[in-house]
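Taking it in order: structure first as C-alpha coordinates, then the write-up.
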Amino acid sequence: QVQLVESGGGLVQAGGSLRLSCAASGSIFSIDAMGWYRQAPGKQRALVAIIARGGATNYADSVKGRFTISRDNAKNTLYLQMNSLKPEDTAVYYCSWFSTPYSYWGQGTQVTVSS
(Lines of atoms letter the chains of each structure in order from A; the text may use other names.)
(Lines give C-alpha, C1' and ligand atoms only; values in the text may rest on other atoms or scores of the structure.)
Protein backbone atom coordinates (compact mmCIF):
# COMPACT_ATOMS: atom_id res chain seq x y z
CA GLN A 24 0.00 0.00 0.00
CA VAL A 25 1.23 3.47 -0.93
CA GLN A 26 0.11 6.69 0.70
CA LEU A 27 0.46 9.97 -1.19
CA VAL A 28 0.27 13.44 0.31
CA GLU A 29 0.22 16.54 -1.89
CA SER A 30 1.26 19.98 -0.75
CA GLY A 31 2.13 23.36 -2.19
CA GLY A 32 -1.22 24.49 -3.48
CA GLY A 33 -2.63 27.92 -2.77
CA LEU A 34 -3.81 31.21 -4.19
CA VAL A 35 -1.61 32.99 -6.72
CA GLN A 36 -2.05 35.80 -9.18
CA ALA A 37 -2.00 35.16 -12.91
CA GLY A 38 1.57 34.98 -14.13
CA GLY A 39 2.82 33.64 -10.84
CA SER A 40 4.36 30.31 -9.92
CA LEU A 41 3.70 27.43 -7.56
CA ARG A 42 5.52 24.19 -6.87
CA LEU A 43 3.46 21.18 -5.90
CA SER A 44 4.95 18.24 -4.03
CA CYS A 45 3.69 14.71 -3.61
CA ALA A 46 5.36 12.68 -0.89
CA ALA A 47 4.95 8.93 -0.90
CA SER A 48 5.19 6.51 1.97
CA GLY A 49 4.42 2.86 2.49
CA SER A 50 5.31 -0.17 0.42
CA ILE A 51 6.84 1.36 -2.66
CA PHE A 52 7.86 -1.18 -5.25
CA SER A 53 8.35 -1.00 -8.98
CA ILE A 54 6.49 2.18 -9.78
CA ASP A 55 5.74 2.29 -13.50
CA ALA A 56 4.83 5.96 -13.73
CA MET A 57 3.86 8.98 -11.67
CA GLY A 58 1.57 11.75 -12.72
CA TRP A 59 -0.28 14.92 -11.89
CA TYR A 60 -3.96 15.32 -12.70
CA ARG A 61 -6.37 18.16 -12.10
CA GLN A 62 -10.08 18.59 -11.78
CA ALA A 63 -11.78 21.92 -12.22
CA PRO A 64 -15.33 22.51 -10.99
CA GLY A 65 -17.84 20.85 -13.26
CA LYS A 66 -15.14 19.11 -15.29
CA GLN A 67 -13.65 15.65 -15.39
CA ARG A 68 -10.26 14.90 -13.92
CA ALA A 69 -7.63 15.30 -16.60
CA LEU A 70 -3.97 14.48 -17.00
CA VAL A 71 -1.58 17.39 -16.53
CA ALA A 72 1.81 15.68 -16.70
CA ILE A 73 3.27 12.23 -16.32
CA ILE A 74 6.76 10.81 -15.88
CA ALA A 75 7.58 7.20 -16.61
CA ARG A 76 9.98 5.03 -14.67
CA GLY A 77 12.66 5.62 -17.29
CA GLY A 78 12.25 9.38 -17.06
CA ALA A 79 10.22 10.09 -20.18
CA THR A 80 7.67 12.84 -19.65
CA ASN A 81 4.44 13.87 -21.28
CA TYR A 82 2.35 16.99 -20.80
CA ALA A 83 -1.11 18.20 -21.61
CA ASP A 84 -0.97 20.67 -24.48
CA SER A 85 -2.40 23.39 -22.26
CA VAL A 86 0.59 23.31 -19.89
CA LYS A 87 3.49 22.57 -22.23
CA GLY A 88 6.27 25.08 -21.77
CA ARG A 89 4.85 26.29 -18.46
CA PHE A 90 4.80 23.23 -16.18
CA THR A 91 7.62 20.82 -15.38
CA ILE A 92 7.23 17.43 -13.73
CA SER A 93 10.15 15.96 -11.84
CA ARG A 94 10.90 13.47 -9.11
CA ASP A 95 13.40 12.81 -6.36
CA ASN A 96 13.69 9.05 -6.04
CA ALA A 97 15.73 9.30 -2.85
CA LYS A 98 12.96 11.27 -1.19
CA ASN A 99 10.08 9.36 -2.83
CA THR A 100 8.69 12.70 -3.89
CA LEU A 101 7.11 13.92 -7.09
CA TYR A 102 7.04 17.59 -8.04
CA LEU A 103 5.16 19.85 -10.40
CA GLN A 104 6.69 23.26 -11.06
CA MET A 105 4.01 25.54 -12.43
CA ASN A 106 5.04 28.84 -14.01
CA SER A 107 3.10 31.52 -15.88
CA LEU A 108 -0.08 30.39 -14.20
CA LYS A 109 -3.40 31.30 -15.77
CA PRO A 110 -6.90 31.50 -14.25
CA GLU A 111 -7.84 28.43 -16.27
CA ASP A 112 -5.25 26.46 -14.29
CA THR A 113 -7.51 26.75 -11.25
CA ALA A 114 -8.37 23.24 -10.07
CA VAL A 115 -7.74 20.60 -7.46
CA TYR A 116 -4.47 18.91 -8.34
CA TYR A 117 -3.95 15.23 -7.59
CA CYS A 118 -0.83 13.13 -7.80
CA SER A 119 -0.98 9.49 -8.77
CA TRP A 120 1.51 6.67 -8.76
CA PHE A 121 0.99 3.68 -11.00
CA SER A 122 2.24 0.20 -10.24
CA THR A 123 0.49 -2.19 -12.60
CA PRO A 124 -2.27 -3.18 -11.94
CA TYR A 125 -2.66 -0.68 -9.10
CA SER A 126 -2.94 3.07 -8.94
CA TYR A 127 -2.60 5.24 -5.87
CA TRP A 128 -4.00 8.73 -5.44
CA GLY A 129 -3.43 11.61 -3.09
CA GLN A 130 -6.18 13.65 -1.50
CA GLY A 131 -5.60 16.65 -3.75
CA THR A 132 -4.42 20.19 -3.26
CA GLN A 133 -6.30 23.30 -4.37
CA VAL A 134 -4.67 25.70 -6.79
CA THR A 135 -6.47 28.97 -7.40
CA VAL A 136 -5.18 31.51 -9.91
CA SER A 137 -6.71 34.96 -9.75
CA SER A 138 -6.89 37.27 -12.75
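The numbers in the sequence shown follow this note's numbering, run straight up by one, and end at 138.
The beta carbon of each residue, even a glycine, is placed where N, CA and C say it ideally should be.
This structure is a prediction, so every number in the text was calculated from the model and none was measured.
The residues S40 and R89, in chain order, have a CB closer than 6 Å to that of N106 in the same chain once the five nearest residues on each side in sequence are set aside. Note that the C-beta distance between S44 and S122 is not below 7 Å. For R94, the enclosing beta strand (DSSP E) begins and ends at F90 to D95. Leaving aside the five residues that flank R42 on each side, the residues in its chain whose CB is nearer than 8 Å to its CB run, in chain order, G31, Y102, L103, Q104 and M105. Burial is judged here by how many other beta carbons sit within 10 angstroms of a residue's own beta carbon; S48 has fewer than 16 and is exposed. Judged by beta-carbon spacing, Y116 lies beyond the 7 Å limit of R68, meaning their Cβ atoms are not closer than that value. Bounds of the beta strand (DSSP E) holding V115 are A114 to S122. Less than 7 Å divides the Cβ of A46 from the Cβ of V28. Non-local beta-carbon contacts of Y82 in its own chain, meaning distances under 6 Å to residues more than five positions away in sequence, involve A72 in chain order. Classified as buried, S119 has 16 or more neighbouring CB atoms from the shown chains inside 10 Å of its CB.
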